[in-house]
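Chemist: Take the sequence shown: its letters are residues 63 to 589, numbered as in my numbering.
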Amino acid sequence: MSTTEISLSPQEAFDDAVFKQALNAKLGLIDNETIQPKVIRRSIDARGRNVLVKMLVELVPVGEVISINDFKKEYPDVRNADQVIIVGSGPAGLFAALRLIELGIKPIVLERGKDHRARRRDIAAINKEHVVNPESNYCFGEGGAGTYSDGKLYTRSKKRGDVSRILEILVAHGAADEILFDAHPHIGTNKLPQLVEALRESMLQAGGEIHFNTKVIDFLLEKDALKGVVTVDGEKIKGEAVILATGHSARDIFELLHSRNIQIEAKPFALGVRVEHQQNLIDKIQYHCAVDRGEYLPDSSYTLVHQAKFDGRERGVFSFCMCPGGFIVPSATSPGEVVVNGMSPSRRDSKFANSGIVVAVDTGDFKNYSKHGPLAGMYFQKEIEQKACAVAGGTQVAPAQRLLDFVEHKTSSSLLETSYQPGLASIDLREVLPSFISESLRQGFISFGGKMRGYLSNEAQIVGVESRTSSPVRIPRDKVSLEHPQIKNLFPCGEGAGYAGGIVSAAMDGERCAEAVSKVLNLNQIK
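(1) Within the continuous beta strand (DSSP E) that includes G526, where are the two ends?
(2) Roughly how many whole angstroms lie between the Cα atoms of V101 and K82?
(3) Leaving out five residues before and five after G301 in sequence, what residues of the same chain have Cβ atoms less than 7 Å from its Cβ?
(4) Measuring straight from C-alpha to C-alpha, what distance separates E367 and M384?
(5) Applying the criterion that 16 or more other CB atoms from any shown protein chain within 10 Å of the CB defines a buried residue, is D93 buried or exposed?
(6) Throw me the rounded Cβ distance for the S533 and H310 pair, which I believe falls under 8 Å.
(7) Would you kindly report the start and end of the unbroken alpha helix (DSSP H) that includes F274?
(8) Using beta-carbon positions only, say whether G398 and Q448 come within less than 9 Å of one another.
(9) Per DSSP, what are the beta-bridge partners of E67 in this structure?
(10) Within 10 angstroms of its Cβ, does R218 collect 16 or more other Cβ (buried), or is it exposed?
(11) Evaluate E126 with the Cβ neighbour count: other Cβ atoms within 10 Å of its Cβ, from every protein chain shown; 16 or more gives buried, anything less gives exposed.
(12) Beta carbon of M405, beta carbon of T251: below 9 Å?
(13) Is G572 closer than 9 Å to G155 when the C-beta atoms are compared?
(14) Touching or not, the stretch 520-527 and the stretch 473-480, by the rule of three or more beta carbon pairs under 8 Å?
(15) Would you check if there are 3 or more beta carbon pairs closer than 8 Å linking the stretch 305-325 to the stretch 544-562?
(16) Relative to the C-alpha of P557, which candidate in S474, E545, P386 and R536 has its C-alpha closest?
(17) What residues in its chain sit with their C-beta under 8 Å from that of E67, if we drop five residues either side in the sequence?
(18) Alpha carbon to alpha carbon, what distance is there between F157 and A576?
(19) Any chance you could list the alpha helix (DSSP H) runs of at least 4 consecutive residues sitting entirely within the stretch 333-420, in chain order?
(20) Quick check: the stretch 537-549 against the stretch 402-417, are there 3 or more CB pairs under 8 Å?
(21) Can you give the Cα-Cα distance for V233 and A186, rounded to whole angstroms?
(22) Within the stretch 77-122, note down every full beta strand (DSSP E) run reaching 3 residues or more, in order along the chain.
(23) List the endpoints of the continuous beta strand (DSSP E) containing L306.
(24) Using the rule of at least 16 other Cβ atoms within 10 Å of the residue's Cβ for burial, across every protein chain shown, is S422 buried or exposed?
(25) Compare the Cα-Cα distances from K253 to each of D224, D239 and T209 and report the closest residue.
(26) Should G152 and A237 be called a contact, given that it needs their Cβ atoms to be closer than 9 Å?
(27) Excluding the 5 residues flanking E501 on each side, which residues of the same chain have their C-beta closer than 8 Å to its C-beta?
(28) Using DSSP bridges, identify the partner residues of F331.
(29) Here's a check: name, in chain order, each residue in its chain whose Cβ is nearer than 7 Å to the Cβ of Y358, leaving out the five neighbours to either side.
(30) Just to confirm, is the Cβ distance from V337 to I231 under 9 Å?
(31) By Cβ distance, which residues of its chain are closer than 7 Å to N275, with the 5 residues on each side in sequence left out?
(32) Just list the alpha helix (DSSP H) runs in the stretch 517-580, keeping only unbroken ones of 4 residues or longer that don't cross its boundaries, in chain order.
(33) Would you mind reading off the limits of the beta strand (DSSP E) that contains Q463?
(34) So, at 6 Å on beta carbons, what are the nonlocal neighbours of F428 in its own chain, with the 5 sequence-adjacent residues on each side left out?
(35) Decide if H350 is buried, meaning its Cβ has at least 16 other Cβ atoms within 10 Å, or exposed.
Put into C-alpha cells, the structure is as follows:
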C-alpha cells in the first residue's frame, strides 16, 4: 500500500474528538467504506510561524489496522528448561529474560535492589531525608535506572535489533499505542513502574525467576569458563551462562571483574550539568508563541550541540536526555556523592524543563588516574561527584548557579525555584568541574543562546553534576558471538557493558545477548 504525508493543525492532530474526521477529510476518505488510514509516523514541524503536525499515513483496506489489543504475547513454559543467569533487571535484563523464554530457556534474574513498590520508600528517603541506600535508589532496583527515568524511546537504529518489536512488546504490556508511531515516543516515569511489573509477570508466568535483594559479589569460575555466581548471602547459583546486565552505575561489578583479572577497558563518556528553565520559556522559543503553547501542543523540547575549543582541540558539548515538563532528581548510588538526572511524567505537566548539557570526555582526560587501570574513568567520575557533595554541604543538596552567572564567572547571590526536591546551594560550578569541562560548557551555553534567543539568561540555572550519561567502562565481547573474549559463558550486555544508551537500545541488546547465548551454547530452541 502507498503512503502519503499530510499536515494537520495541533487541534486536529491531538484532539481525539476531531482527529479521525480531520484525517479522513484531508485524505478524501469521508464515507469511504473500503479504505482507512493507518498512521505510520507523527511528528511536530515547528520551523514556520504556524506549528504543524506532520502525519505519514498508509491507506489500507478496512479491518487491516492493527488494534492495540492485537499486541499480545504468549510465552512457552520453561520451568524445566536449561537455565541462564541474568544479573540486573533493567531493560537489558528484562528483555533478555523474555527472549530466553521464547527460545525455550529458563531465565534466573538476580536484582540487587527491591521490587518497584518497595523501592519507592528508598527513593522518597533520598529526596526528603538525604539518605542514599546503595542497593535501592534511582539507579538500582526493579527495572534499573529506566524505571525512574523519563521513559524516552528515541532509538531508531536498526543496528542492534528490531525497534518495532521492542515497542510492540511494550504496548503488549501496557504502554500506549502512540509509541508505535510518534517521532519521539515517551512513556513517562509515572507509568514505567507498572509496565516493568507487567514484564516481570510475563516472565514469572512462563516459569522464569526473579530474585530481589540478591546482590552478586563473586563469580564461579572454572579455568576460563563462568559456571555461575555467588550472592551476598553466600548462595552459589549455577547456570549454563551469565548475561551481565548490571547498568552503568554498578561500580562494584567493575571492581569485581578487575580484581578477578577479567578483561575490561576504559571508555569515553560525557559529563556536565543539568540546565533548568521554565517550560513556558522553552515553548515560546520553540513554538514562536507570544503567551503559551495553547491547549493541544505538547511541551516542547530541544536538541543542541556545539564544538568547543580548549587547549588547542575541539570537544563536543551537547544536550542529553532533555526532559520537557519534568523534574531533576538525585541519582547518587552511594552516600557522599551528588549526581543529578532528569525525568518527566507521562503528562509532562511540570512547569520546568531540564536537560543535561554535557561535554565529551575521552580516555586521555583521566590519565592522572592511570593507577586505577581500566577503572580510571570511573574514579575520575566518582571524584567529581564526591566534590559536588562536599562543596554543597555533604547531603543531597546539589551545587547550582544561575546560567548567565556561570557564563560570566559570577557566584549567584540567589537561586531560582527548582524541581530538585533535596534543594540547591549557590556554588560556582568551577569549584566542582575540571577546567576543560567548565570552559567547554561556557562556550556551549553562549552558542546555545545564539541558537535559541532567551535560552541564555539568569532566569535559568544549572545544577551539578550530570555524570552518569553512560558507563566509563566497557566489558569486551566478540562481535559475532557476543561472548567475552577471555571468559566462556559470560555475555556482557546493555549500558553497563558499554553497548547501549537508553531503554530501547538496552532492550534490543538484551534480546541479542539472549539469542547469542542460545546459539553459542546450543541450548534448546523453540523458535
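Just so it is clear, CB atoms sit at the ideal spot from N, CA and C, and this is done for glycine as well. All figures in this text were calculated on a predicted structure; none of them were measured in a lab.
Modeler: Checking against the coordinates, here is how it stands:
(1) Residue numbering aside, residue 526 sits at position 464 when the sequence shown is read from its first letter. Taken as a continuous stretch (DSSP letters only), the beta strand (DSSP E) holding G526 covers Q523 to E528.
(2) If you number the sequence shown from 1, residue 101 lands on position 39. If you number the sequence shown from 1, residue 82 lands on position 20. So the two alpha carbons sit approximately 11 Å from each other.
(3) Here the question's residue 301 lines up with position 239 in the sequence shown. Same-chain partners within the cutoff: Q145, V146, I147, I170 and G290.
(4) As a working mapping, residue 367 is identified with position 305 in the sequence shown. As a working mapping, residue 384 is identified with position 322 in the sequence shown. Here the sequence assigns Val to residue 367, which means Glu is not the residue at that position. Cα to Cα, V367 sits roughly 13 Å from M384.
(5) In the sequence shown, counting from the first residue as 1, residue 93 sits at position 31. Exposed.
(6) Along the sequence shown, one-based indexing puts residue 533 at 471. Along the sequence shown, one-based indexing puts residue 310 at 248. The C-beta distance from S533 to H310 rounds to 4 Å, short enough to meet the 8 Å contact threshold.
(7) The sequence position of residue 274 within the sequence shown is 212, counting from 1. For F274, there is no enclosing alpha helix (DSSP H), since its DSSP letter is neither H nor E.
(8) Residue mapping note: residue 398 aligns to position 336 of the sequence shown, counting from 1. Residue mapping note: residue 448 aligns to position 386 of the sequence shown, counting from 1. Contact flag set, yes.
(9) Position 5 of the sequence shown, counted from the first residue, corresponds to residue 67. Looking at the DSSP assignment, E67 forms a beta bridge with L118.
(10) Counting from 1 along the sequence shown, the entry for residue 218 is found at position 156. Caution applies to R218, whose pLDDT of 49 falls short of 50 and renders its modelled position unreliable; the value that the coordinates give is listed next. Burial call: exposed.
(11) Position 64 of the sequence shown, counting from 1, holds the residue named residue 126. Classification for E126: exposed.
(12) Locating residue 405 in the sequence shown gives position 343, counting from the first residue. Locating residue 251 in the sequence shown gives position 189, counting from the first residue. The answer is yes: Cβ separation under 9 Å.
(13) In the sequence shown, the residue the question calls residue 155 occupies position 93. In the sequence shown, the residue the question calls residue 572 occupies position 510. Closer than 9 Å, so yes.
(14) The stretch 520-527, when compared against the stretch 473-480, does touch it at the 8 Å Cβ threshold.
(15) Output reads yes: the stretch 544-562 touches the stretch 305-325.
(16) Translated into the one-based positions of the sequence shown, residue 557 becomes position 495. Sequence check: residue 557 is Glu here, not Pro. Taking only the C-alpha atoms, the option nearest E557 is R536.
(17) For this step, residue 67 is matched to residue 5 along the sequence shown. Here E67 has K116, M117, L118 and V119 as same chain residues with Cβ atoms under 8 Å from its own Cβ, once five neighbours each way along the sequence are excluded.
(18) What you label residue 576 is simply residue 514 of the sequence shown in a count that begins at 1. What you label residue 157 is simply residue 95 of the sequence shown in a count that begins at 1. The straight-line gap from Cα to Cα measures roughly 9 Å.
(19) Segments of the alpha helix (DSSP H) lying fully in the stretch 333-420: 341-349.
(20) With the cut-off at 8 Å, the stretch 537-549 and the stretch 402-417 do not touch.
(21) The residue labelled residue 233 in the question sits at position 171 within the sequence shown. The residue labelled residue 186 in the question sits at position 124 within the sequence shown. Our two residues, V233 and A186, have alpha carbons roughly 29 Å apart in a direct line.
(22) As far as the stretch 77-122 is concerned, its whole beta strand (DSSP E) runs of at least 3 residues are 97-107.
(23) By 1-based counting over the sequence shown, the position of residue 306 is 244. Counting along the chain, the beta strand (DSSP E) containing L306 begins and ends at V304 to L306.
(24) Residue numbering aside, residue 422 sits at position 360 when the sequence shown is read from its first letter. A quick correction: the sequence has Ala, not Ser, at residue 422. Answer is buried; the Cβ neighbour count reaches 16.
(25) Locating residue 253 in the sequence shown gives position 191, where the first residue counts as 1. Of all alpha-carbon atoms in D224, D239 and T209, the one lying nearest the alpha-carbon of K253 is that of T209.
(26) Taking the sequence shown and counting its residues from 1, the one referred to as residue 152 is at position 90. Taking the sequence shown and counting its residues from 1, the one referred to as residue 237 is at position 175. The Cβ-Cβ distance between G152 and A237 does not fall below 9 Å.
(27) The residue you call residue 501 lines up with position 439 of the sequence shown. Contacts found: A370 and F372.
(28) Within the sequence shown, numbered from 1, the residue matching residue 331 stands at position 269. According to DSSP, F331 bridges with V423.
(29) Residue 358 sits at position 296 when you count from the first residue of the sequence shown. Taken in chain order, the residues that qualify are P72, Q73, F76 and D77.
(30) Numbered from its first residue, the sequence shown carries residue 337 at position 275. Numbered from its first residue, the sequence shown carries residue 231 at position 169. For the pair V337 and I231, the CB atoms are not nearer than the 9 Å cut-off.
(31) Position 213 of the sequence shown, counted from the start, is the residue given in the question as residue 275. For N275, the CB contacts under 7 Å within the same chain, skipping 5 residues up- and downstream, are K176 in chain order.
(32) Qualifying alpha helix (DSSP H) stretches, in chain order: 556-559.
(33) Sequence index remark: in the sequence shown, residue 463 carries index 401 (1-based). Where Q463 is concerned, the enclosing beta strand (DSSP E) stretches over A460 to R464.
(34) The residue labelled residue 428 in the question sits at position 366 within the sequence shown. These residues qualify, in order along the chain: A438, G439 and F442.
(35) Start at 1 with the first residue of the sequence shown, and residue 350 comes out as number 288. Result: exposed.
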